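Chains as they are written, first to last, in the numbering used here: chain A, 72 to 519; chain B, 72 to 519.
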């Protein structure tokens, strides 16, 4: 390779993504992840963009230059960023199959302090609170950063599947004049003298766009001012939302989601096989995801686990877990669609079931004990939507621009919203959704 | 095709994306975009997800059923959503090369009102204000919706290029405890009793992530509480941000962006050739984008156009236009990188040029007269960053979690942020950036 290659200064160094070294001299860069002095040499673990590479540093056999290019007299330190020229030698005992023997190190930057937490072990020996407090540094840990490589691969898979199925990606406003999901869990702000809100979902906008492109999706932030302080709530999360027109029933939405998840999980090992192995991820098999009606689910849980029904119109977290247990025992599936949620618990735009107006053409997807998606068919008829809003004591005038589509003509349609962090957390069997969010926001945390 | 295909109710109808009909009977769905009564028959233009399809409706030769399945006695109306069975006949005079002769129409939904604006012409005969007021409906116009198909294709191209170059896609919080760009143009809100802000950019977070993955990107909303009311400002826009480590100079960032834009523009016609043709889009040729230093640019504009220099440390909009004119005359390029912006006008994290500390290692990309990107190399050394903050009277304690990375060790790095709407608007040579935003937010507008 040519060191003076113009186009991209990085390309003159072997990028570890290319997987294999060639025997001989290589150029490589990264951070000193770990340094261990042995007798007569040091182990240096170099952290590159994706891997940890074992290097053997022998004093006197490696020239070390400082940031200014002069000979470096001091010691090497962890978290220095360096460029290295080294002899690559096959070494079956090393994880990459190679060992590097540096002959020249150029220090690019020197950290001002040693880290307040130890990040170079397999796990970080600290509480979740501490891990999150020092997130900019703790994400450098190999397991921590593997999580978000997997999350990136999930987004790639979802996107690819939706694009292949003719969904158009949209970017809709997060500053809105009206909340879509109702309730008090909405952030308010002053917008040039008027009250505005942060979007609780792209619901209204993706419906509007069904009238334009028939099928649309958005992957973006969603804001919920919920005061819950649990292992499964975030106040800002990444919503994977899609909406599609000309459906004949909500089951089509479920099948589309099933296809999307299957495609994504099947593609994961190619995109991030090493990270999956590092985190011991059990990828669920997806056949045909079973359906169960909400009321049937309630009854069966109560019967099987001899549990009194406290809340009639919703599943509590414990019930979600038990239901998944029950379904997995019976069908082997780690996913289940719970359908026909009570009308009273669904938003004003949810379509009721003609056969029984007390339930809606809606569903949740549960995965390993947790709700990861909510979706359903929407009301598309103007008169029906107006009637339902009046029934609920809502003022249609406040929803003027939303109702424009019902007034102007809409096809039968529906969609869903998946929480990216929840899906990631269940896939990785993490105990807290915060672990699947780069910089989580909760009732106590707004930094880093 | 089998009408009872289970997997996806839409697949039993020809999706127009598949481009060609086969001679014979087809099933298709869409909205009645336009109806024109002629003598003895009607022209019906069906708007599908992507095309306008010409249909010839002959009374007595087409059975029409209403939403409930019974024979429809009333007239057909524009913006009804329908499913249709029709005879496809080759017709060279029609835009798709086909004409449909419906034999059966099933009305799926009936609009409650005719539209307040006429959307079925080539252009919408209304002011921008009106177009935006009725955005959920006006986006159904063929030219309006073509804009956002092209924007979708841009995002696909950018994403694909960055992924091929080992950038990891990230999702960083929009609720933050500290603004990254300084100044008063920041939205504030109450976050459970504390003051929080809406992110003016993902700047701090993408820098943090360089320490983790070396190369990252994010495509997401960015909020600016600017009171500007111009044709090029939005208060919420979609930022295309990337950041990369181990650079040797900011020119690498420019070359990466150049590659990204070239790849994207080269792929456009495959993804949205029809939309490009419909909007007469002139795709710029990208060779090697020329560079010019800020001060040289100022001087040359002043000399060539005999213009007094009013603002010494920035280019005003008129100067941006003139500079692009000048560069295009000289080099043929419709893009130009303006480099070495004055330190005083760049944020506290911008790296100064060692040769002249009054300028920074930074750049803007101008495209057809408008700044579409700002980028540069960042300070990675802790002491240097602290010194600069103190010089500017900033309190480092307020930036505790950001400075964690400088303290802990960072490679030389930099990045940029592109405004998706501005880029789209210049590509399409639109007179107002609002036209390239689905639901624009400005000082007067927060709905729809």
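Think of the CB as a built atom: it goes at the ideal place given N, C-alpha and C, for glycine as much as any other residue. Quantities reported herein were computed from a predicted structural model and do not represent experimental measurements.
Our two residues, residue 402(B) and residue 411(B), have alpha carbons roughly 20 Å apart in a direct line.
A Cβ-Cβ separation of about 6 Å places residue 277(A) in contact with residue 486(A) under the 8 Å criterion. Residue 123(B) places its beta carbon 8 Å or farther from that of residue 103(B). Apart from sequence neighbours up to five positions away, the residues of its chain that approach residue 461(B) with a beta-carbon distance below 8 Å are 467, ordered along the chain. The bridge partners DSSP lists for residue 446(B) are 434(B), 487(B). Boundaries of the alpha helix (DSSP H) around residue 472(A): 471 to 479.
In the structure shown, the three-state DSSP call for residue 152(A) is strand. Nearest C-alpha to residue 443(A) among 364(A), 463(A), 308(A): 308(A). Along the segment 142 to 173 of chain B, going in chain order, the ones with a CB nearer than 7 Å to a CB of chain A are 150, 151, 152. Distance from the CA of residue 159(B) to the CA of residue 171(B), rounded to the nearest whole angstrom, comes to 5 Å. Relative to the Cα of residue 274(B), the nearest Cα in the group 146(B), 197(B), 447(B), 218(B) belongs to 447(B). Under the DSSP assignment, residue 100(A) falls outside any alpha helix (DSSP H), being part of the beta strand (DSSP E) whose first and last residues are 95 to 108.
The Cβ of residue 179(A) sits closer than 8 Å to at least one Cβ of chain B. In this structure, the CA atom of residue 495(B) is about 30 Å from the CA atom of residue 317(A). In the DSSP assignment, residue 261(B) is bridged to 266(B). Excluding its 5 nearest sequence neighbours in each direction, residue 311(A) has C-beta neighbours in its own chain below 6 Å: 229, 290, 489, 491, listed in chain order.
For residue 459(A), no Cβ of chain B is located within less than 8 Å of the residue's own Cβ. Around the beta-carbon of residue 108(B), fewer than 16 other beta-carbon atoms lie within 10 Å, marking it exposed. Going by beta carbons, residue 152(B) and residue 480(A) fall inside the 8 Å limit. Between the alpha carbons of residue 459(A) and residue 240(A) lies a distance of about 30 Å. Beta-bridge analysis with DSSP links residue 315(B) to 286(B), 485(B). Segment contact: the segment 284 to 299 of chain A against the segment 218 to 236 of chain A, three or more CB-CB distances shorter than 8 Å; contact assigned. Against residue 489(B), chain A offers no close residue; the least beta-carbon distance is about 13 Å (beta-carbon pairs closer than 8 Å). Shown in chain order are the members of the segment 113 to 139 of chain B whose Cβ falls below 9 Å from a Cβ of chain A: 119, 120, 121, 138. Between the alpha carbons of residue 419(B) and residue 321(B) lies a distance of about 16 Å.
With respect to residue 203(A), residue 516(A) sits close: the two C-beta atoms are nearer than 8 Å.
Following the DSSP letters along the chain, one finds residue 362(B) inside the beta strand (DSSP E) bounded by residues 362 to 364.
Short of 8 Å from the beta carbon of residue 187(A), and not among the five residues preceding or following it, lie these beta carbons of its own chain, in chain order: 205, 208. Using beta-carbon distances, residue 197(B) does not count as an interface residue toward chain A, since no partner is under 8 Å. Residues of the segment 243 to 255 of chain A with a C-beta atom less than 9 Å from some C-beta of chain B are 243, 244, 245, 246, 247, 248, 249, listed in chain order. With a threshold of 16 other beta carbon atoms within 10 Å, residue 376(A) falls short and is exposed.
Annotation: Cβ neighbours of residue 267(A) in chain B (cutoff 7 Å, chain order): 517. Interface with chain B (8 Å Cβ-Cβ cutoff): residue 100(A) is included.
Flagged as an interface residue toward chain B: residue 210(A), by a C-beta distance shorter than 8 Å.
Sorting 409(B), 439(B), 441(B), 436(B) by C-alpha distance to the C-alpha of residue 430(B) places 409(B) at the top. Of 179(A), 177(A), 215(A), 199(A), the smallest CA-CA separation from residue 192(A) is found for 215(A).
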